[in-house]
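Asks:
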Amino acid sequence: MVIISNQKSVPKKLSFISIYFLGINGVIGSGTFLLPSVIYRYMNLSAVAVLLCTAITVSLIALCYADLSSRFTGSGAAWLYSYHAFGRFTGYELGIFTWFLGCCTLSAEIVALLTTLKSFLPIFNRPLIYGVAAFGLIVLFAVINFFGRGLVKLVNNVSAAAKILTLIIFIVVGVFFIHKANFSPVIPQAALKGPMPFIHHFGEAFTPIFYLFTGFSFLPIAAKQMKNPEKNIPRVLIAVMVSVTILDALMMTVAVGLSGTKLGGYSTPLANALGGALAKGLGTTIGKWGYAFIIFGMLVSIFGVAFSASFNTPSLIASMANEHGMLPKFIGKKNKHDAPWVGILLTSILSALFATQSYLFLVSCTVLASFIQYVPSILAVIKFEHSNEYPTHGFKLPGKYLIPIFALLVSCYMVTNFTAKTLLVGTVIAILAAAAYFFIKKDRSYEEQHMKWLEDLRNQDKKEEQLNKSSVQKN
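For the sequence shown, the numbering used here assigns the number -1 to the initial residue and increments by one for each residue that follows.
(1) Can you look up D336 in the DSSP assignment and give me helix, strand or coil?
(2) Quick one: is L422 buried, meaning 16 or more other Cβ sit within 10 Å of its Cβ, or exposed?
(3) Measure the CB-CB distance between F181 and L190 and report whether it falls below 8 Å.
(4) Work out the CA separation of Y90 and Y81 for me, nearest whole Å.
(5) With respect to the alpha helix (DSSP H) encompassing I59, which residues constitute its N-terminal and C-terminal limits?
(6) Once DSSP output is grouped into helix, strand and coil, what is the label at I300?
(7) Taking Cβ positions, are I207 and G255 nearer each other than 8 Å?
(8) Check K331 in the structure and name its three-state DSSP category.
(9) Out of T52, V303 and L210, state which residue places its alpha-carbon closest to the alpha-carbon of L152.
(10) Under the rule that 16 or more other beta-carbon atoms within 10 Å means buried, what is T114, buried or exposed?
(11) Whether or not the segment 265 to 273 and the segment 27 to 46 are in contact is what I'm after, with contact meaning three or more pairs of Cβ atoms, one per stretch, closer than 8 Å; do they touch?
(12) If you compare alpha carbons, which of F352, K394 and I293 is closest to S105?
(13) Is the beta carbon of S409 sitting closer than 8 Å to the one on I59?
(14) Between the Cα of C101 and the Cα atoms of F393, R233 and L343, which residue gives the shortest distance?
(15) What is the DSSP secondary structure of A76, reduced to helix, strand or coil?
(16) Whole angstroms are fine: how far does the CA of F14 sit from the CA of G397?
(17) Can you name, in chain order, every residue of its own chain whose Cβ lies under 6 Å from the Cβ of G201, other than the five neighbours on each side?
(18) Per the contact definition of three or more C-beta pairs closer than 8 Å, is the segment 47 to 65 in contact with the segment 299 to 317?
(19) Where does the unbroken alpha helix (DSSP H) through T425 begin, and where does it stop?
(20) Rounding to the nearest angstrom, what Cα-Cα distance links I26 and F211 in this structure?
(21) Should E321 go down as buried or exposed, given a rule of 16 or more other Cβ atoms within 10 Å for buried?
(22) Within this structure, are the beta carbons of L366 and T420 separated by less than 8 Å?
(23) So for G255, helix, strand or coil by DSSP?
(24) Could you spell out where the alpha helix (DSSP H) holding Y264 opens and where it closes?
(25) If I'm right that G330 touches A319 with Cβ under 8 Å, what's the distance once you round it to whole angstroms?
(26) Can you look up G192 in the DSSP assignment and give me helix, strand or coil?
(27) When the Cα atoms are used, what is the spatial distance from P232 to P125?
(28) Quick check on the DSSP output: the alpha helix (DSSP H) that includes T88 runs from which residue to which?
(29) Give the secondary structure of K225 by DSSP, where H, G and I count as helix, E and B as strand, and everything else as coil.
(30) For D441, count the other beta carbons within 10 Å of its own beta carbon; 16 or more makes it buried, fewer makes it exposed. Which is it?
(31) Near T55, what residues of its chain come up, given a Cβ to Cβ distance below 6 Å and the 5 sequence neighbours on each side ignored?
(32) Considering only the beta carbon of each residue, do Y399 and I376 sit closer than 8 Å?
(33) Does N381 come out as helix, strand or coil in the three-state DSSP assignment?
(34) Quick one: what's got a C-beta closer than 7 Å to L261's C-beta in the same chain, skipping five residues either side?
(35) Determine the closest residue to Y435 out of L112, M324, H384 and S443, with distance taken between C-alpha atoms.
(36) Determine the DSSP secondary structure at Y411, reduced to helix, strand or coil.
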């Protein structure tokens, strides 16, 4: 994934449109289909306003990623940016947390898939059946990754098409069955009892809404596979954030308009909302078909996200071992099908452990891991802006330090919404990773290669700057 040495480029590069749909596929996941009920429970109709507020704050962080991606063309996103800015140890810790984020995402999507199945197949309510199904899905993904990794692109495309089509049909059809009375209450009475109750309700809605947008940080990971990444990634990040914000805001508004206060009690809110509205307006049979359509779209899209996570996550730790020497060599071992089999096994084991937890806990862990990625990335923007190292190409962050400082404040606010259990998991991961770092045998050649690459990049930027000055003087 992360290549900083001179290697053969990928023959076929991804175009702007391909990167855009890759971003849409990465951001829209199970949370879009399952979390509206949780969000509504805490803020009622005001959840739409909280969603827009959250989208703006996440966009500030996305702009920082856009700035960094315009400075570096290498694949790797947050952990690679931190490696460039703050050195090997920071990059290593961020790499481990990116892998942890991938495992949490895989587990969350599997739990979401089974939660969806439970809504119409009661057999999955049995703990034994549920556990066997979760373990079976992880094994299935592992086996496919061992032998059939060529399926990834097909599954990605089908998943992206399914989720976009499902959301658009939900919005377009649902808008004709909205009842204005369902938009009341605007905000829960409990949230109006004082500043602290309001802050509590806002925070409880903020975390799941934030989860709806976290996937944007994975876009720069595949930078080497993209055409002109330093210009296209910033544009795509902005386009994806705007598109997802519009879709999610419309989705939430329609869902509330269809169900009102009932929305907070649904396990599959979009399916229940549309199915119930169609049944009431056009008859039970049509309602059942509407419910089934949304459920089918959910299952296909959630399966696709889980499959993609099962493919990308092992590749990350394999690249840390093979291309940067940050992990023991055996972790990067590949089989004859070029699959990182050790990485697949490690990812499957950790994901299986997390799949025993609740969906909301996994959402919280995912947001925590995202927070841990965001802070060093934002600080890297501030550092490079101050030192004027590695100038941007094709995108310039407006306002100098203003956006990264606001993004940093938003990221720090997220800490106040994590439970003690989530913070404990994050702390344990950080301590174990730090302890392991000092026992991993270090090959200095990797670090020397990295430093040489950074120096070459600095010299290249200086030459470009001198050429630009010369051309200006001539004119």
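Every residue gets a Cβ at the ideal spot worked out from N, C-alpha and C, and that includes glycine. Owing to the predicted nature of the structure, the values given are computational and were not obtained by experimental measurement.
Replies: Put simply:
(1) coil
(2) exposed
(3) no
(4) 8 Å
(5) A45 to S67
(6) helix
(7) no
(8) coil
(9) V303
(10) buried
(11) yes
(12) F352
(13) yes
(14) L343
(15) helix
(16) 26 Å
(17) N415
(18) no
(19) A418 to Y435
(20) 7 Å
(21) buried
(22) yes
(23) helix
(24) First-last for Y264: undefined, no H or E at that position.
(25) 3 Å
(26) coil
(27) 45 Å
(28) R86 to K116
(29) coil
(30) exposed
(31) V408
(32) no
(33) Per the sequence shown, the amino acid found at residue 381 is Lys instead of Asn. K381 falls in the helix class under three-state DSSP.
(34) P34, S35, Y38, A253, V254, P267 and A271
(35) M324
(36) helix
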